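**Student:** Just so you know, the sequences run in chain order F and P.
Oh and the first sequence: position 68 is 54 in our numbering, straight run, nothing missing.
Oh and the second sequence: position 59 is 78 in our numbering, straight run, nothing missing.
All C-beta atoms, glycine included, are put in the ideal place defined by N, C-alpha and C.
As the structure is a computational prediction, the values presented were derived from the model and not from experiment.
Before we start, here is the structure in question, set down as structure tokens.
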Amino acid sequence: MFFHIFLERNMLLHPRHFGPHLRDKLIAKLMKDIEGTCSGRHGFVVAITGVEDIGKGLIREGTGFVTFPVKYKCVVFRPFKGEILEAVVTMVNKMGFFAEAGPVQIFVSNHLIPDDMEFQSGDVPNYTTSDGSVKIQKESEVRLKIIGTRVDATEIFCIGTIKDDFLGVINDPGAAS
Amino acid sequence: MSAEEEENAADLKIGDEFLKAKCLMNCEVALILDRRLEQLQQMSDDPTNQLSQVFEKSHQYVKRFSRYKNQDAVKQVREILSRNKLSEFELSVLGNLCPETVEEAIAMVPSLKVIAFACCV
Chain F
-13 MFFHIFLERN MLLHPRHFGP HLRDKLIAKL MKDIEGTCSG RHGFVVAITG
37 VEDIGKGLIR EGTGFVTFPV KYKCVVFRPF KGEILEAVVT MVNKMGFFAE
87 AGPVQIFVSN HLIPDDMEFQ SGDVPNYTTS DGSVKIQKES EVRLKIIGTR
137 VDATEIFCIG TIKDDFLGVI NDPGAAS
Chain P
20 MSAEEEENAA DLKIGDEFLK AKCLMNCEVA LILDRRLEQL QQMSDDPTNQ
70 LSQVFEKSHQ YVKRFSRYKN QDAVKQVREI LSRNKLSEFE LSVLGNLCPE
120 TVEEAIAMVP SLKVIAFACC V
């Protein structure tokens, strides 16, 4: 799920930037440093939408660098256990398939794919029901439920399932062609 | 942190910080990111080199899964859903997935069960 939240950070600024454009420099640096990062607590920072407040700077002894407490608003993507979302399949193999929902990767093991779907190898590896009516392959859109998350310092990785009511393929690129 | 261990969106256990925060539906994120992209394009000739991978992936994702394209529709969806005393999280999941039946809605948002029972009795 995407959230719009307030975050705070202490920014360290080199003295050469001090001048009439200090605020702009600070915001530019904030965007460069923060956007695209990921923390276990807040998830992926997608975009900073506004800077709420810049506090009083504090000069660091010895270096001349100044730290400013900056309060900003940003769009973050944070997956939660138990959340249901839509994702695009990126890779299929006999262990299961990988899907992507925005910046996050989700793995769905073949134990968590309905039992009537079988793995088919070939040019386009896929999972297909015995009657061939439903097919999961690369670029398929699926609706899945997140059942576990693993949080690293710089990445979040999820395990998902489609073995539940109202989950599974919502749009199959192969069906159209 | 122990709260982290217990998190479960099905029971709305997503931590105080996120529960109080504003949730965004995919279509709203698409609007925000579109605007951001426009700003960047005006500022420099080559906007792509400034964009993070996270931004690009998110943008592609929300464009693909936005059900409402125009701004007024997005506003209306939020307004209509927010009449129902839903939490931010519930509202956004419903707005994103657009369940067609009550059963589907409850499967998508198990925390709705309480409301559904209250209405039936």
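If you check the beta carbons only, do glutamate 36 of chain P and lysine 67 of chain F fall under 7 Å apart?
**Tutor:** For this step, residue 36 of chain P is matched to residue 17 along the second sequence. For this step, residue 67 of chain F is matched to residue 81 along the first sequence. Their beta carbons are not under 7 Å apart, which means glutamate 36 of chain P does not touch lysine 67 of chain F by this criterion.
**Student:** Identify which residue in F/Cys24, F/Ala33, F/His28 and F/Gly29 has its Cα closest to the Cα of alanine 14 of chain F.
**Tutor:** The residue given as residue 14 of chain F occupies position 28 in the first sequence. Considering only alpha carbons, the answer is F/Ala33.
**Student:** Taking only beta-carbon positions, decide if arginine 97 of chain P is within less than 7 Å of chain F.
**Tutor:** For this step, residue 97 of chain P is matched to residue 78 along the second sequence. For arginine 97 of chain P, the answer is no, since every Cβ of chain F falls outside 7 Å of its Cβ.
**Student:** I need the straight-line Cα distance from methionine 20 of chain P to serine 25 of chain F, nearest angstrom please.
**Tutor:** Reading the second sequence from its first residue, position 1 is the one you call residue 20 of chain P. Reading the first sequence from its first residue, position 39 is the one you call residue 25 of chain F. Because the pLDDT of methionine 20 of chain P is 47, which lies under 50, any placement of that residue in the model is unreliable, and the number read from its coordinates should be weighed accordingly. Roughly 14 Å between the two C-alpha positions.
**Student:** Just the chain P side, please: which residues come within less than 9 Å of proline 100 of chain F by C-beta, in chain order?
**Tutor:** Start at 1 with the first residue of the first sequence, and residue 100 of chain F comes out as number 114. Simply none; closest approach about 15 Å.
**Student:** Taking Cβ to Cβ, would you say leucine 153 of chain F is nearer than 7 Å to lysine 131 of chain F?
**Tutor:** Position 167 of the first sequence holds residue 153 of chain F. Position 145 of the first sequence holds residue 131 of chain F. Yes; because the gap between Cβ atoms is below 7 Å, this pair is in contact.
**Student:** Rounded to a whole number of angstroms, what is the C-alpha to C-alpha distance between aspartate 91 of chain P and threonine 35 of chain F?
**Tutor:** As a working note, residue 91 of chain P is residue 72 in the second sequence. As a working note, residue 35 of chain F is residue 49 in the first sequence. Rounded to the nearest angstrom, the two C-alpha atoms are 20 Å apart.
**Student:** For chain F, is any of its Cβ atoms less than 7 Å away from the one on leucine 73 of chain P?
**Tutor:** Here residue 73 of chain P refers to the residue found at position 54 when the second sequence is read from its first residue. The sequence given here places valine at residue 73 of chain P; leucine does not occur at that position. At least one chain F Cβ lies under 7 Å of valine 73 of chain P.
**Student:** In the structure shown, what three-state DSSP assignment does glutamate 26 of chain P receive?
**Tutor:** Within the second sequence, the letter at position 7 stands for residue 26 of chain P. Note: glutamate 26 of chain P maps to coil in three-state DSSP.
**Student:** What does cysteine 117 of chain P touch in chain F if you count any residue whose Cβ is under 8 Å from its own?
**Tutor:** Translated into positions along the second sequence, residue 117 of chain P becomes position 98. Residues of chain F passing the Cβ test: none, with the nearest at roughly 10 Å.
**Student:** How would you write the range of the alpha helix (DSSP H) that tyrosine 80 of chain P sits in, first residue to last?
**Tutor:** For the purposes of this step, residue 80 of chain P is taken as the residue at position 61 of the second sequence. Note, tyrosine 80 of chain P: alpha helix (DSSP H), 72 to 84.
**Student:** Looking only at C-alpha atoms, which of F/Leu(-2), F/Leu71 and F/Val31 sits nearest to alanine 29 of chain P?
**Tutor:** Walking along the second sequence from the start, residue 29 of chain P turns up at place 10. Comparing Cα positions, the closest option is F/Leu71.
**Student:** Measure from the alpha carbon of isoleucine 20 of chain F to the alpha carbon of each residue in F/Asp117, F/Arg129 and F/Val37, then state which is nearest.
**Tutor:** Taking the first residue of the first sequence as 1, we reach residue 20 of chain F at position 34. Relative to the Cα of isoleucine 20 of chain F, the nearest Cα in the group F/Asp117, F/Arg129 and F/Val37 belongs to F/Val37.
**Student:** Taking 7 Å as the threshold (C-beta atoms), are asparagine 96 of chain F and glycine 82 of chain F in contact?
**Tutor:** Along the first sequence, one-based indexing puts residue 82 of chain F at 96. Along the first sequence, one-based indexing puts residue 96 of chain F at 110. Yes, these two residues count as a Cβ contact at 7 Å.
**Student:** Just to confirm, are glycine 43 of chain F and valine 52 of chain F a CB contact at a threshold of 7 Å?
**Tutor:** In the first sequence, the residue the question calls residue 43 of chain F occupies position 57. In the first sequence, the residue the question calls residue 52 of chain F occupies position 66. It is a contact, given that the beta carbons lie within the stated cut-off.
**Student:** Using the beta-carbon of each residue, which ones in chain P are nearer than 7 Å to arginine 64 of chain F?
**Tutor:** Within the first sequence, residue 64 of chain F is the residue found at index 78, counting from 1. Under the 7 Å cutoff, chain P gives Phe37.
**Student:** Using a Cβ-Cβ distance under 7 Å, would isoleucine 125 of chain P count as near chain F?
**Tutor:** Here residue 125 of chain P refers to the residue found at position 106 when the second sequence is read from its first residue. So no, isoleucine 125 of chain P is outside the interface.
**Student:** Quick one: is proline 6 of chain F buried, meaning 16 or more other Cβ sit within 10 Å of its Cβ, or exposed?
**Tutor:** Locating residue 6 of chain F in the first sequence gives position 20, counting from the first residue. Label assigned to proline 6 of chain F: exposed.
**Student:** Could you tell me whether the region 36 to 53 of chain P touches the region 76 to 83 of chain P, using the rule of 3 or more Cβ pairs below 8 Å?
**Tutor:** yes
**Student:** Please list the terminal residues of the continuous alpha helix (DSSP H) segment that includes isoleucine 33 of chain P.
**Tutor:** Taking the first residue of the second sequence as position 1, residue 33 of chain P is located at position 14. Taken as a continuous stretch (DSSP letters only), isoleucine 33 of chain P belongs to no alpha helix (DSSP H), as it is neither H nor E.
**Student:** CB-CB under 7 Å to valine 112 of chain P, same chain, minus the five flanking residues each way: which ones, in chain order?
**Tutor:** If you number the second sequence from 1, residue 112 of chain P lands on position 93. Excluding sequence neighbours, valine 112 of chain P sits near Met127 and Val128.
**Student:** Alpha carbon to alpha carbon, how far is histidine 28 of chain F from proline 65 of chain F? Give it in angstroms, no decimals.
**Tutor:** For this step, residue 65 of chain F is matched to residue 79 along the first sequence. For this step, residue 28 of chain F is matched to residue 42 along the first sequence. Taking the straight line joining both Cα atoms gives about 10 Å.
**Student:** Taking only the alpha-carbon atoms, compute the straight-line gap between asparagine 103 of chain P and leucine 116 of chain P and give it to the nearest angstrom.
**Tutor:** As a working note, residue 103 of chain P is residue 84 in the second sequence. As a working note, residue 116 of chain P is residue 97 in the second sequence. Looking at the two C-alpha atoms, the distance is approximately 17 Å.
**Student:** How would you list, in chain order, the residues of chain F whose beta-carbon sits under 8 Å from the beta-carbon of lysine 76 of chain P?
**Tutor:** Here residue 76 of chain P refers to the residue found at position 57 of the second sequence. Correct list: Glu86, Gly88 and Pro89.
**Student:** Just to confirm before moving on: does the CB-CB distance between isoleucine 40 of chain F and phenylalanine 54 of chain F stay below 7 Å?
**Tutor:** As a position in the first sequence, residue 40 of chain F is number 54, starting the count at 1. As a position in the first sequence, residue 54 of chain F is number 68, starting the count at 1. Yes, these two residues count as a Cβ contact at 7 Å.
**Student:** Assign leucine 153 of chain F to one of three DSSP states: helix, strand, or coil.
**Tutor:** On the first sequence, residue 153 of chain F is found 167 positions in, with the first residue counted as 1. In this structure, leucine 153 of chain F counts as coil in the three-state DSSP scheme.
**Student:** Just curious, the beta strand (DSSP E) that arginine -5 of chain F is in, first and last residue?
**Tutor:** Against the first sequence, residue -5 of chain F aligns to sequence position 9. -12 to -1 is the extent of the beta strand (DSSP E) around arginine -5 of chain F.
**Student:** For threonine 147 of chain F, which residues in the same chain have their Cβ closer than 6 Å to its Cβ, ignoring the five residues on either side in sequence?
**Tutor:** Taking the first sequence and counting its residues from 1, one reaches residue 147 of chain F at position 161. Same-chain partners within the cutoff: Leu98, Lys131 and Ile133.
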